[in-house]
Amino acid sequence: MRPLKKVAASKSSAILSYQPTMADMLKKKQKWLPDSPQSKELDRKVLEMIAMRNYPFSIVHEGGFLCLVQYLNAQVNLKSHKLYRDKLHSTYDAVVRKVMDLISTAEHLSFTTDIWTNKAKTESLISLTAHYIDFVSKTTPKIILAAKHMECYRSALARKIAGHFARSEQARRRLKEIQQHHGFRILQTVQSVPTRWNSVNSMLERLLEQKDALALYEARYDMPASLSANHWKIAESV
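When the letters of the sequence shown are read in order and numbered with UniProt numbering, they come out as residues 1 to 238.
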């Protein structure tokens, strides 16, 4: 067993050996150089954030954003909004070249479009999406895609049910009466929208919430479609 003084001395020397030097402390406080790899990577991430969320370039000067960045890393040195604006042009050109390379291999292209206005209702916006089929040599992805298409039958039945109530005021009133009589939540069905990718999930979730009320409705009135026990089970697992 070592003497107590010797143990204390060894612990003290171990702590001192891990203490950072003055040079290390100064290095941590130094800002990244504009051409350093860390600074270039940060610029790329800031540009991605601005492009993906449609933020104004002036966000790099906002106090809250600057405080957050400095809290995460005091060495960060953000550039001016003009520099990020200029850099975005080169980023745009790079993305365009990449997209052109991707679609250059496609034999046929199908296009979908969507039109909307900004929140201030001052500008009209339009998006254009190109769809194409590329060559897949492996069989596993094909099997997965085929399984997804098998699920579409369930979604088609759900659309018929939701559409029945969307088109008929009488059907909505009858469903509401059943909900009130049995103490269910007063909810209307949700219709899926082709241009909203998550609307099918919203439609199925709402049908699941009214499963018992819909069963009582089907027992009393005509409905264009119905979900089997297996369909309900699949919907619950999604």
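Cβ coordinates follow ideal geometry from the N, Cα and C atoms, glycine included.
Could you pull out every residue in the same chain whose Cβ sits closer than 7 Å to the Cβ of residue i, ignoring the five residues on either side in sequence?
{"i": "GLN191", "result": "ALA162, GLY163, ALA166 and MET203"}
{"i": "TRP32", "result": "GLN38, SER39, GLN75, VAL76 and ASN77"}
{"i": "VAL200", "result": "SER155 and SER192"}
{"i": "HIS61", "result": "HIS81"}
{"i": "THR105", "result": "ASP134"}
Take residue i as the anchor and find which of the options has the nearest alpha-carbon.
{"i": "TRP116", "options": "ARG53, THR195 and LEU125", "result": "LEU125"}
{"i": "ALA229", "options": "TYR221, ASP212 and THR112", "result": "ASP212"}
{"i": "GLU107", "options": "ALA130, ASP35, GLU236 and GLN188", "result": "ALA130"}
{"i": "PHE184", "options": "ARG206, SER168 and GLU169", "result": "ARG206"}
{"i": "VAL76", "options": "ALA94, ILE50 and GLU41", "result": "GLU41"}
{"i": "GLU209", "options": "VAL96, ASN118, THR112 and THR189", "result": "THR189"}
{"i": "THR113", "options": "LYS119, SER127 and SER104", "result": "SER127"}
{"i": "ARG173", "options": "ASN198, TYR217, TYR132 and ARG196", "result": "TYR217"}
{"i": "GLU177", "options": "LEU214, THR105, ASP101 and PRO194", "result": "LEU214"}
{"i": "TYR132", "options": "THR122, LYS121 and LEU102", "result": "LEU102"}
{"i": "VAL95", "options": "LEU47, PHE65 and GLY64", "result": "LEU47"}
{"i": "ALA171", "options": "ARG196, ARG220 and ASP93", "result": "ARG220"}
{"i": "LYS79", "options": "CYS67, GLY63 and PRO34", "result": "PRO34"}
{"i": "SER168", "options": "HIS182, SER237, GLU123 and MET223", "result": "MET223"}
Can you tell me whether DSSP reads residue i as helix, strand or coil?
{"i": "VAL103", "result": "According to the sequence provided, residue 103 is Ile. The question's Val does not apply to it. Residue state, collapsed to three classes: helix."}
{"i": "TRP32", "result": "coil"}
{"i": "ILE115", "result": "strand"}
{"i": "SER110", "result": "strand"}
{"i": "ASN230", "result": "helix"}
{"i": "GLU62", "result": "coil"}
{"i": "ALA158", "result": "helix"}
{"i": "SER39", "result": "helix"}
{"i": "LEU88", "result": "helix"}
{"i": "GLN70", "result": "helix"}
{"i": "ASP93", "result": "helix"}
{"i": "ALA166", "result": "helix"}
{"i": "SER78", "result": "Just to set this straight, residue 78 is Leu in the shown sequence, not Ser. In the structure shown, LEU78 sits in coil (DSSP, three-state: anything other than H, G, I, E or B)."}
{"i": "ALA120", "result": "coil"}
{"i": "LEU187", "result": "coil"}
Near residue i, which residues of its chain fall below 6 Å by C-beta distance, leaving aside the five closest residues on each side in sequence?
{"i": "PHE57", "result": "HIS81, TYR84 and ARG85"}
{"i": "HIS149", "result": "Model confidence at HIS149 stands at a pLDDT of 48, short of 50, so the residue's coordinates are unreliable and nothing is read from them."}
{"i": "ALA225", "result": "LEU157, LYS160 and ILE161"}
{"i": "ASN118", "result": "none"}
{"i": "THR91", "result": "LEU47"}
{"i": "ILE59", "result": "PHE65"}
Using a Cβ-based criterion (distance less than 7 Å to any ligand heavy atom), does residue i qualify as near the ligand MG?
{"i": "ALA156", "result": "Here there are no bound small molecules, and the ligand MG is not part of this structure."}
In terms of residue numbering, what span does the beta strand (DSSP E) encompassing residue i cover?
{"i": "LEU128", "result": "124-131"}
What are the boundary residues of the alpha helix (DSSP H) that residue i is part of?
{"i": "TYR55", "result": "Premise fails: TYR55 is in no alpha helix (DSSP H) and is neither H nor E."}
{"i": "residue 239", "result": "Since the first and last residues shown for the chain are 1 and 238, residue 239 lies out of range."}
Leaving aside the five residues before and after residue i along the sequence, list all residues of the same chain whose C-beta is less than 8 Å from its C-beta, in chain order.
{"i": "GLN30", "result": "GLN75"}
{"i": "LYS233", "result": "none"}
{"i": "ILE186", "result": "LYS176, GLN179 and GLN180"}
{"i": "SER110", "result": "ALA130, HIS131 and TYR132"}
query: Which ranges would you report for the alpha helix (DSSP H) in the stretch 192-228 if only whole runs of at least 4 residues count?
result: 199-209 and 211-220
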